[in-house]
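Input: a single structure, listed below in structure tokens.
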Amino acid sequence: MRFVKIMGVPFLNIDQSSFIQLLDERIQQKKRTFVVTANPEIVMKAKQDSNFMKTIQQATYITADGIGIVKAAKLLNDPLPGRVTGFDTMMGLLEIANEKQYTIFLLGAKQETLDNVVEKLKKTYPGIQIVGAHNGYFDWENNDIADRVAETKPDITFVALGVPKQEQWIAENLHRVEYGVMIGIGGSFDVIAG
Ligand code: UDP
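Last residue of the sequence shown: 238 in our numbering, with the numbers rising by one and none dropped.
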């Protein structure tokens, strides 16, 4: 596995479809996987905020979610094959989950948006088992959401709390799950809800 370092952030050198395949392999191997899809704003934030840098450095993989990262890699003479975005990764994982009957947990967005996403996913991907869904407005100190994720053992947990909350939540709670992919996907639930 090769990485391209941009402003201290190690980006995985991989294309979008190979990345989805790699995550599927890790699901089958029952490994724990923390994914950050990072755009230039995330890299700048990490540069300015050492705690956030430490958070994202706990990720199993950081991918280039933005043409700015791909262009920066080219300028550094260490090119990346292209963007690997949170949204496209989610879409690819949903296709695979539907085929292989994986379980998923959805965390984030407003309740109305989340309800809409659950309804759409059930219709479009009948092979997927949604083992849990919770909106993104909860009390961090006092929440049992991580317990629920740990209990339901999802193959994939989509975390849509925006940057940096989603990365912080995953970094804090990753150790509580035995296996599965946890990925921050920003505003993707809003996009799916339409
Ligand atoms: N969000 C959330 N809880 C929060 C803050 C944001 O669930 O405490 C959700 C918000 O409803 C939206 C998503 O996170 O669905 C992305 O939010 P935003 O556009 O602010 O983040 P970005 O995509 O810019 O990282």
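Built from N, CA and C at the ideal position, the CB exists for glycine as well.
Compute every distance between the C-beta of residue i and the non-hydrogen atoms of the ligand UDP, then say whether any falls below 7 angstroms.
| i | result |
| --- | --- |
| residue 153 | yes |
| residue 164 | no |
| residue 231 | yes |
| residue 177 | no |
| residue 181 | yes |
| residue 157 | yes |
| residue 204 | yes |
| residue 89 | no |
| residue 132 | no |
| residue 207 | yes |
| residue 234 | yes |
According to DSSP, what are the bridge partners of residue i?
| i | result |
| --- | --- |
| residue 150 | 177 and 202 |
| residue 49 | 54 |
| residue 227 | 79 and 202 |
| residue 133 | For residue 133, which the question treats as bridged, DSSP gives no partner whatsoever. |
| residue 108 | 82 |
Thinking residue i and residue j are a contact (beta carbons under 8 angstroms), I'd like their distance in whole angstroms, please.
| i | j | result |
| --- | --- | --- |
| residue 127 | residue 111 | 6 angstroms |
| residue 104 | residue 211 | Wrong, their Cβ atoms sit about 12 angstroms apart, outside the cutoff. |
| residue 48 | residue 117 | 5 angstroms |
| residue 203 | residue 151 | 5 angstroms |
| residue 206 | residue 238 | About 19 angstroms separates the two Cβ atoms, so there is no contact after all. |
Flag residue i as yes if its beta-carbon sits less than 8 angstroms from any beta-carbon of chain D, otherwise no.
| i | result |
| --- | --- |
| residue 164 | You won't find chain D in this structure, because it holds only one protein chain. |
The stretch 134-150 contacting the stretch 185-202, beta-carbon criterion three pairs below 8 angstroms = Because the criterion of three Cβ pairs below 8 angstroms is met, the stretch 134-150 and the stretch 185-202 touch.
Cβ pair count under 8 angstroms reaching 3, the stretch 177-193 against the stretch 132-146 = Too few Cβ pairs lie closer than 8 angstroms, so no.
May I ask you to verify whether the stretch 153-160 touches the stretch 114-130, counting CB pairs closer than 8 angstroms and requiring at least 3?
-> The stretch 153-160 makes no contact with the stretch 114-130, as fewer than three CB pairs between them are under 8 angstroms.
If you pair each beta-carbon of the stretch 60-68 with each one of the stretch 90-98, do three or more pairs fall below 8 angstroms?
-> Taking 8 angstroms as the limit for Cβ pairs, the verdict is that the stretch 90-98 does not touch the stretch 60-68.
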